[in-house]
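Student: Per the numbering used here, the sequence shown starts with residue 1022, numbered consecutively.
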Amino acid sequence: MLILVPTPIGNLEDITLRALEAFKQADIILCEDTRVAKKLLELLISRSLLQIPTDMDCQSFIESKQFKSFHSHNQEEFIDSLHKEMFASCVLYLSDAGTPCISDPGAKLISYAITHDIDFDVLPGACALNVAFCGSGIESTPFVFAGFLPHKKTHRHSKLIQLSHLDMGDSYSVICYESPHRILETLHDIALLLPHIRIIVQKELTKLHQQRYYGSAQEVIAILKDVTIRGEWVIIFDFSSSHIKQEKTLSYEDIFMLDIPPKIKAKILSKISGHSIKQCYEEILR
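#1: Ignore the nearest five residues each way along the sequence and tell me which others in residue 1291's own chain have a CB closer than 8 Å to its CB.
#2: Decide if the region 1141-1161 is in contact with the region 1053-1060; the criterion is three or more beta carbon pairs, one per stretch, under 8 Å apart.
#3: Am I right that residue 1044 and residue 1071 are in contact with their C-beta atoms under 8 Å? What's the rounded C-beta distance?
#4: Quick check on this structure: which residue in 1294, 1112 and 1184 has the alpha carbon closest to the alpha carbon of residue 1087?
#5: Following the continuous alpha helix (DSSP H) through residue 1199, name the residue where it begins and the one where it ends.
#6: Could you please give the first and the last residue of the uninterrupted beta strand (DSSP E) stretch that includes residue 1111?
#7: Using CA coordinates, which residue listed in 1063, 1256 and 1068 is at the minimum distance from residue 1079?
#8: Hey, would you say residue 1250 sits closer than 8 Å to residue 1235, going by beta carbons?
#9: Helix or strand or just coil, what does DSSP make of residue 1039?
#10: With contact counted as at least three CB pairs below 8 Å, one residue from each stretch, are the region 1242-1257 and the region 1193-1211 in contact?
#11: Is it the case that the Cβ atoms of residue 1315 and residue 1051 are separated by a distance below 8 Å?
#12: On a CA-only basis, which of 1049, 1165, 1178 and 1210 is nearest residue 1283? Give me that one, please.
#13: Hey, out of 1204, 1210, 1033 and 1099, whose CA is closest to residue 1246's CA?
#14: Going by DSSP in three states, residue 1219 sits in which element: helix, strand or coil?
#15: If I measure Cβ to Cβ from residue 1083 and keep anything under 8 Å in the same chain, skipping five residues before and after, which residues do I get?
#16: From residue 1106 to residue 1170, what distance separates their C-alpha atoms?
#17: Specify the secondary structure class of residue 1025 as computed by DSSP and reduced to three states.
#18: Let's see if you can read the secondary structure: which residues bound the alpha helix (DSSP H) around residue 1082?
#19: If you drop the 5 nearest sequence neighbours on each side, which residues of the same chain put their C-beta closer than 6 Å to that of residue 1089?
#20: According to DSSP, is residue 1167 part of a helix, a strand, or is it coil?
#21: Can we say the region 1147-1162 touches the region 1117-1128, given the rule of at least three CB pairs closer than 8 Å?
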């Protein structure tokens, strides 16, 4: 049996009853970082959230479980070495924080389970994506989760323009994650490329100092001058006609002049002009 277990993203009390029961039943715990997983169990036990057998202390309970590292850097090799017999035991997989498979490993484990007819369960629980969207004030329009934006500026510019031209009607939202190291740089990119789009920027969700900021990218940048940049961030783009002050995106000419890969540029220009991708690509190369 394989069980995907969500873990708190900031507030320990967001652990679920089903997750606590899974920890009790687990024989093997797969996790991104064994140190983080063990620390989580220690905290849950020390705060009496996880009740362990009376004949065991915290250390012996943790030592009764087999911990294995499973993360984005070793998942291919790990999956190749798996044997179906391992899942005769109760096997958990948990991310360092949040729900597995949401910008975290886990999908390959589920694919393995499906392929090899292994029973599995996915427990609901803490996820920054859900918390951020519910705190955005956006009505239930279609939305896209884009994960983390690219690290490189050129690729990030391309991604932002692509996300602003999705074929999803007049109203939709896009949700992205961003690190504290790049949040200001990303906001400046948004201010340059999508100056009229309303965004909702949220940080340290569920933690003591969680914050939400609403407005254009430039307005949010001004607010953040007096804010400590730490913790994980979520950015929501509100691509609804009621929250776009002027043009939805850059003009054809603006996009044509951007330093982004020609093939991506051609696809975007084709979408907004009605010309074929080939025509746009040839124009770029002239």
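Note that the Cβ used here is the ideal one computed from N, Cα and C, for glycine as well.
Tutor: On the basis of the supplied data:
#1: Residue 1291 sits at position 270 when you count from the first residue of the sequence shown. These residues qualify, in order along the chain: 1297, 1298, 1300 and 1301.
#2: no
#3: Translated into the one-based positions of the sequence shown, residue 1044 becomes position 23. Translated into the one-based positions of the sequence shown, residue 1071 becomes position 50. Sure, about 6 Å apart at Cβ, within 8 Å.
#4: Looking up residue 1087 in the sequence shown gives position 66. Its Cα nearest to that of residue 1087, the residue 1112 stands out among 1294, 1112 and 1184.
#5: As a position in the sequence shown, residue 1199 is number 178, starting the count at 1. Looking at the DSSP string, residue 1199 is not in any alpha helix (DSSP H); the run it does join, the beta strand (DSSP E), is 1193-1199.
#6: To locate residue 1111, count along the sequence shown from 1; it is residue 90. From DSSP, residue 1111 is part of no beta strand (DSSP E); its letter is neither H nor E.
#7: In the sequence shown, counting from the first residue as 1, residue 1079 sits at position 58. Among 1063, 1256 and 1068, the Cα nearest to that of residue 1079 belongs to 1063.
#8: If you number the sequence shown from 1, residue 1250 lands on position 229. If you number the sequence shown from 1, residue 1235 lands on position 214. Not in contact: residue 1250 and residue 1235 (Cβ atoms no closer than 8 Å).
#9: Against the sequence shown, residue 1039 aligns to sequence position 18. Look at residue 1039 here: in three-state DSSP terms it is helix.
#10: yes
#11: With the chain covering only 1022 through 1307, there is no way to say anything about residue 1315.
#12: Here residue 1283 refers to the residue found at position 262 of the sequence shown. Among 1049, 1165, 1178 and 1210, the Cα nearest to that of residue 1283 is on 1178.
#13: For this step, residue 1246 is matched to residue 225 along the sequence shown. Minimum Cα distance to residue 1246 is reached at 1204.
#14: Translated into positions along the sequence shown, residue 1219 becomes position 198. Reduced to three states, the DSSP call for residue 1219 is strand.
#15: For this step, residue 1083 is matched to residue 62 along the sequence shown. Result list for residue 1083: 1059, 1062 and 1063, in chain order.
#16: Here residue 1106 refers to the residue found at position 85 of the sequence shown. Here residue 1170 refers to the residue found at position 149 of the sequence shown. Spanning the two alpha carbons is a distance of roughly 38 Å.
#17: The count along the sequence shown starts at 1 and reaches residue 1025 at position 4. In this structure, residue 1025 counts as strand in the three-state DSSP scheme.
#18: Position 61 of the sequence shown, counted from the start, is the residue given in the question as residue 1082. Element bounds for residue 1082: 1079-1084.
#19: Within the sequence shown, residue 1089 is the residue found at index 68, counting from 1. Excluding positions up to five away in sequence, the list reads 1051.
#20: As a working note, residue 1167 is residue 146 in the sequence shown. Strand at residue 1167.
#21: yes
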